[in-house]
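Undergrad: To start, I am sharing the structure in question, which I have written as structure tokens.
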Amino acid sequence: MNEAYVLLNVDYKQQKNIIEQAKKAPAVKTVKTVYGIYDILIVLESENMQDIKNTIDVHLHNIDGINNLTSLISVT
């Protein structure tokens with residue numbers, strides 16, 4: 015199983031909407047609000063790495079209110 019983590023900096027006023035939209039994206043396993051440098055943590059999981067890439071590139075990058083998106087791909 016392939017796994018990736020996406021860390022978001024978001025516009026606080028749109029945070030709830032961003033979480034709701036992210037939860038609907040394919041390959042998304044978990045969406046959590048976090049404190050610290052980032053505002054939201056998204057965990058993605060799929061048998062196919064291309065599904066994860068498409069979720070990040072097509073679905074998450076198109077959500078309004080995201081100021082910064084950092085992706086981490088698990089290698090173990």
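Quick note, the numbering used here runs 14 ahead of the 1-based positions in the sequence shown. Built from N, CA and C at the ideal position, the CB exists for glycine as well. All figures in this text were calculated on a predicted structure; none of them were measured in a lab.
1) Using a Cβ-Cβ cut-off of 8 angstroms (strictly less than) and excluding sequence neighbours within five positions of N62, which residues of its own chain qualify?
2) Is the CB-CB distance between A41 and I66 below 7 angstroms?
3) Please classify D53: is it buried, with 16 or more other beta-carbons within 10 angstroms of its beta-carbon, or exposed?
4) Alpha carbons only, please: which of E34, Q28, T44, Q29 is nearest the one belonging to V20?
5) Which whole-angstrom value is the C-beta distance of L86 and T69, which I expect to be below 8 angstroms?
TA: This is what the structure holds:
1) Non-local C-beta neighbours of N62 in its own chain, meaning closer than 8 angstroms and more than five positions away in sequence, comprise N16, ordered along the chain.
2) Contact: yes.
3) Looking at its Cβ environment, which holds 16 or more other Cβ atoms inside 10 Å, D53 is buried.
4) Looking at the Cα atoms, T44 is the closest of the given residues.
5) Distance from L86 to T69 at the Cβ level is roughly 14 angstroms; contact not present, criterion being Cβ atoms closer than 8 angstroms.
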